[in-house]
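The block underneath contains the structure these notes are about, expressed in structure tokens.
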Amino acid sequence: MNRGNSNGRYFLPRPPSGDWAVFTFSIVWCLGVLLPLAGVVLFSFIRASAEGLDFRLTLEAYREIFLTGRWEVTARTIRIAATVTAVLLLISFPFALWLAKGLRSTAWKIVIWTLLTAPFFLSDTARVVIWRPVLGLMGPINSGLMELGLIERPLTWLLFSEPAVHFGLLGPFLPNMVWPIFLSLILIDDDLIEASKDIGATPWQTLRHVILPLAMPGILAGIIFSFVPMLGDDVVAKVIGGQQVLMLGGAMLDLITALNYSVAAAMSALILAIIAVLQLTLVLVLRRVGKGASLVEGLRK
Amino acid sequence: MSLALSGTALTGAVRREELMLRVGKTVAITFGCLGVVLMYGPVAWLALMSISERPLTGKPGPFTLSWYEKLFADLRWLDPLLTSLGIAAIVSILCMITATAVGRTLPHIGRTGAWLLLLFLLVLFIPGVMLGVDFVMFYRLFLGIRTGLWSLILAHFVWAFPFALLGVIVVAGRFDTRLLESAADLGAGAWRRFRDIEMPLLFPGILSAGFFGFLLSLNELPRSIYLRGGATTLPLFQWAEAASHTTMVPLIYGLSTLITIASLALTVIALRQLFKGDAA
């Protein structure tokens, strides 16, 4: 339905109060959801503690982050999330490509789509907690390796270590990477790939010069959708990182428990800034590819 | 002679390309299998452990249902479960109403709709922990409202709404608005058009919005940690017990297995609803 009624032939009856509902809800959403999210920037520049708010502007919170080593937690979290995101991209792209362009069986498609969707609705704890006994000192991996005679004593770094956290993050965030890439690949017209082949391009050249550029929005979206929530992960780090690998989620909880709101706000604001830069990159790249404004159009197809 | 030579060169190139494609396909399928194992291996192993005699060793067998017996003898998880189910039901209803009210119009108002959709999807880019912290500071510290059930419902709703909205939009985008014109021509009033034409056709989307809201709320953890007030939801209970070293841990395996199976079943039902029309 065209709001401007450009063809002017018909009066298009609108469903009851549709625009009114959208308008009201958007206002409520901005005030109740986006305002609190923006407010955190303000809180990071004032003194917020259990006694209340002191509205004199100060950079105290940021100074504390950089002086007390809290910056290390942020840096470690970013490093781990970036590494895992890179590995996920490596695993996900070939898989998504096969899923979008190689797989023909409808039954398998439905099975794999379901398998890739269901994890969004499963409890993270349920999916992570089992790694503790499996990777533990007496776990099946350690005892298996010892029985094979590959190691003499249990590997202590299998659990409560950075490698363990890296490994544990792979499974829960895989669908976040596969879906956007898959969606961008399935929108590529098969004719384009055929044409590239017809004019003599090798599969590698087609991949490099046709598929990759067209899939770029999906790849970037995949990176953001895995990297961003990973920054805030508080299950994997707590359950299989233990006390050894403190990440942002745990650090935040410590700060809030200690009622140190200003520093929590400052860390939150820093992360928001990083995310904003990432998003801006995405929008700019999308605009260059020229598909920016057609989110809704894409969904309608 | 030269023709024959270039012929062999050509078949050689074709063969090399076929080989590349085959290698690529093998790599893709291997990575896919690896991915599925990474996603579902832990869940499957968890289920296996929940029926093993010594689950904390991580090794299966000998098999027993005794942990489930103990789980149903020690009902400390029941209150958190009921709290979670209650919150999930409320969030689910809220999602159905709001996602329908917004989603039915959004695909039909052009660029404005696209920008508004972006506005609603924005929260998906905020890590859950940040959202929890930000909400606590705004509502409890700044506005001075005590956190509790309401803040859990709010946080879960904010988390679930984008998914619910997408569910409705997928269906509403395919909705032929000319149907409403015809109904109006035939003299149907605004509410009649909505109730008898639009709602039945949007129903798969509305229903999936409800399912998404329910499931996302039921398993939500990062935001709940900060906004729980005095309440304990099931994921909070599971999380606290799983990270501890108490005797509850083997029971958590059984509980998590049951919740996972129920969530999987509901997800499959929701997806079937949503894509009933275009399975082929």
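Quick mapping for you: the protein sequence lines, in order, are chains F and X. Take any residue in the first sequence, count from 1 to its spot, add 108: that is its number in our numbering. Take any residue in the second sequence, count from 1 to its spot, add 711: that is its number in our numbering. Glycine included, each C-beta is placed from N, C-alpha and C at the ideal position.
Between the region 330 to 338 of chain F and the region 179 to 193 of chain F, the count of Cβ pairs shorter than 8 Å is three or higher; the stretches touch. For ALA323/F, the three-state secondary structure derived from DSSP is helix. Counting the other CB atoms within 10 Å of its CB gives ILE880/X a total of 16 or more, which places it among the buried residues.
At a beta-carbon threshold of 8 Å, the residues of chain X lying near TRP239/F are PRO753, ordered along the chain.
Taking ALA951/X as reference, the option from LEU938/X, GLY965/X and LEU932/X with the minimal CA-CA separation is LEU932/X.
In the structure shown, LEU890/X adopts helical secondary structure according to DSSP, grouped into three states.
Scanning the region 133 to 211 of chain F for uninterrupted alpha helix (DSSP H) segments of 4 residues or longer gives 143 to 152, 168 to 175 and 178 to 205, listed from N- to C-terminal end. DSSP, read as helix, strand or coil, puts SER763/X in strand. Below 8 Å, too few C-beta pairs join the region 829 to 847 of chain X and the region 764 to 772 of chain X to call them touching: fewer than three. Residues VAL273, VAL353, LEU354, MET355, GLY357 and GLY358 of the same chain have their beta carbon placed closer than 8 Å to that of ALA345/F, with the five preceding and five following residues left out of the count. When rounded, the separation of the alpha-carbon atoms in ALA234/F and PHE275/F is 16 Å.
A straight-line Cα-Cα distance of about 8 Å links GLN387/F and ILE332/F. Sequence-distant Cβ neighbours of MET760/X in its own chain, meaning closer than 6 Å and more than five residues away, are PRO766 and TYR964. In this chain, the alpha helix (DSSP H) harbouring TYR964/X covers 960 to 985. By the CB criterion at 8 Å, PHE853/X and LEU938/X fall outside the cutoff. Looking at PRO791/X, PHE986/X, THR958/X and GLY855/X, the one whose alpha-carbon comes closest to that of PRO915/X is PHE986/X. Remark: fewer than three beta-carbon pairs, one from each stretch, lie closer than 8 Å, so the region 796 to 815 of chain X and the region 972 to 985 of chain X are not flagged as touching.
The beta carbons of ALA883/X and PRO818/X sit about 5 Å from each other, so the pair counts as a contact at 8 Å.
Between PHE925/X and PRO873/X a beta carbon distance of about 15 Å is seen, past the 8 Å cut, so the two are scored as non-contacting. In this structure MET848/X is in contact with TYR369/F, their Cβ atoms being roughly 6 Å apart against a cut-off of 8 Å.
Contact annotation, PHE290/F with LEU196/F: C-beta distance approximately 13 Å; criterion of less than 8 Å not satisfied.
If only complete runs of 4 or more residues are kept, the region 785 to 844 of chain X shows the alpha helix (DSSP H) at 789 to 814 and 821 to 832, in order along the chain. Around the CB of MET360/F, 16 or more other CB atoms lie within 10 Å, so the residue is classed as buried. For THR389/F, the nearest beta carbon of chain X is not closer than 8 Å to its own beta carbon. PHE131/F is not bridged by DSSP to any residue. For LEU223/F, the closest Cβ of chain X is nearer than 8 Å.
Assignment of PHE849/X by DSSP, reduced to helix, strand and coil, places it in the helix class. Taking every protein chain shown into account, the CB of MET246/F has fewer than 16 other CB atoms within 10 angstroms, so this residue is exposed. The three-state secondary structure of PHE268/F, taken from DSSP, is coil. In this structure the region 782 to 799 of chain X does not touch the region 905 to 923 of chain X; the number of beta carbon pairs closer than 8 Å is below three. In this structure, the alpha-carbon of ARG983/X lies about 33 Å from that of CYS138/F. GLY349/F sits away from LEU749/X, with the two beta carbons spaced by 8 Å or more. Below the 7 Å Cβ cutoff, chain F contributes PRO248 as neighbours of LYS770/X, in chain order. Against chain X, a Cβ distance below 8 Å from GLY210/F picks out LYS736 and ALA739. The beta carbon of LEU165/F is closer than 6 Å to those of PHE153 in its chain, skipping five residues each way along the sequence.
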